[in-house]
Each structure stands twice: as structure tokens, then as C-alpha cells.
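Using my numbering, count along the sequence shown one by one with no gaps and you end on 243. Every residue, glycine too, gets a C-beta built ideally from N, C-alpha and C. Since the model is a prediction, treat every value here as computed from it, not as a measurement.
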Amino acid sequence: MTAAAVHGKVYAENDPDMPEELRALLIRMLTHHLENTTNPHYTNLLNQLWVKGMTLIPDEKLKVTYAKLMQQEVEHGAITARILEGLGVGPVTSEIQQYFFELPIETFCDLAYFNGVGDRVGCYIGETWEGVPYEPLLNVADRLHKDEVFHATFGMNNLRRICSTPEGLAEANEKVKIWWPAALDMFGRSDSDFSDAYVKWGLRQENNEELRRRYIGDTRPLLEKIGIEVPDDTANRRFL
């Protein structure tokens, strides 16, 4: 049972009874969250992703779907900024921490991995807030999670399309060596104290390593089903 659940409390914005530890953890979690339209680094990333999508996606209908995906990314950033504002936090300018977002996107296959395995991480970490004890975040949790599922499904469908040809499958089997370890590293260090604190207060349902294991158990079979040879889960990792 989480610390917040012990008290049976979901805290509203500006609630004077919110424990300081919970408030500090909320601010830390959301400040480190990638999606924030006040952060110029996030804006730059969105600009790059837009150009990559419009350049690399080979089908016009897929471009329309991608445009909807990008609109949701902007909306997510605005939501994060608004919630932080309610916690008394202004614009965020810190650099994006996960190296996943620095990996080059040179082909449609790269973009498919970005969405298929990268956005899928968001389904496990950033958008699993259905039980958070803070009302502004709780109110948007279900919508955010559904959006991330849409993004990840879009990427996985594109990977399936790519792997339907021998040339595409060969590329996917090379690129997975880059994108798979980077996706696993997005969960953070297994020994993170903050990870356990988030679970304690109900900001996450599981810690970093538990989430990573569940992600692997769910995602590896999806990739292998379309012929991708997924590397060992410790290969080329930076954070264990």
C-alpha cells in the first residue's frame, strides 16, 4: 500500500495538506519528464521529429496519422507545463536526459523504432499514473496512457510493414541493436532510490527494474513475432 493510500487521500491543486515529500517528488518527476512545452529542448526535439516524419514516412496516409501523433505530443507537453505551474514551478530548461532521444533517425526504420519501442516505454513509466494521489495528474492519466498506446502501436505497425520485405527485415535486425538497449535504459538505474520513493507515494506502480522486466516480457515477443532478432537484454546497455 502506498503512503498516500494509507491516508486515503487524493490531493487537489494548492491543497495545504499535501505532504512535502509528495510535493517534492511530484515536482522532481514532472521536471524530469521529457514532454514539456516550456522546455526549448523539447520544442527542438518536436521540430526535428516533424521534419523526419514528413521526410521519411513513405505513405501520405501514414503522414496524416503521424501528424495526429505529433499534435498529441504538443498537447502532452502543455499538460505537463500546466501541472507544474500549479505546483509553483515555472519554465523548465534542463536538457533531455535520456540518450535515446539523441540517436540519429536516418531512415523510416529508425523512426518506426523510435515510436515502436520508445513511445512504448511511455506506456509503462510516464503514463501509468492511473492511481496517483494528485488530482490534476490523475484527471489526465487515462487520456495520456491511451495516446501513448496509439503512438507505440503506430510504430510497431510500421516495423511490421518494414519487416515484410527481406531488405527491411535486414535493416530492422541491424537497427534493433541500437534501439533496443537504448529503450531499456530509458527506465533508469535499477538501484534508484527515487524509483522506490515514487512507488511509495503512488506516483508509479512499480520501480524501475520491475517496469523494465514487464516491458521486456511484453515487447520482446512482439518484435520476435515479426522476425526481429532481439539482442540480449544486457547488450550495449549503459545503465543496469
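How big is the Cα-Cα spacing for Thr-58 and Leu-25? 43 Å
Using 7 Å as the threshold, is the C-beta distance between Thr-34 and Ala-81 below it? No, Cβ-Cβ distance for Thr-34 and Ala-81 is not below 7 Å.
Report back the beta-carbon spacing between Leu-72 and His-154 to the nearest angstrom; my notes put them in contact at under 8 Å. 5 Å
Helix, strand or coil: which one does DSSP assign to Ile-229? coil
Identify every residue that forms a DSSP beta bridge with Tyr-201. Per DSSP, none; premise fails for Tyr-201.
Report, in whole angstroms, the separation of the C-beta atoms of Arg-241 and Asn-211, which I expect to be a contact under 8 Å. Actually they do not touch by this definition, with Cβ atoms about 14 Å apart.
Note down the Cα distance separating Leu-141 from Asn-161, rounded to an integer number of angstroms. 31 Å
Spatial distance of His-44 from Gln-101 (CA atoms): When rounded, the distance between both Cα atoms is 12 Å.
Name the residue from Pro-184, Val-92, Arg-163 and Trp-204 whose alpha carbon lies nearest to the alpha carbon of Arg-215. Taking the Cα of Arg-215 as reference, the smallest distance to any Cα among Pro-184, Val-92, Arg-163 and Trp-204 is reached at Pro-184.
Spatially closest choice to Gly-93 from Leu-226, Gly-121, Arg-31 and Leu-206, by CA coordinates: Arg-31
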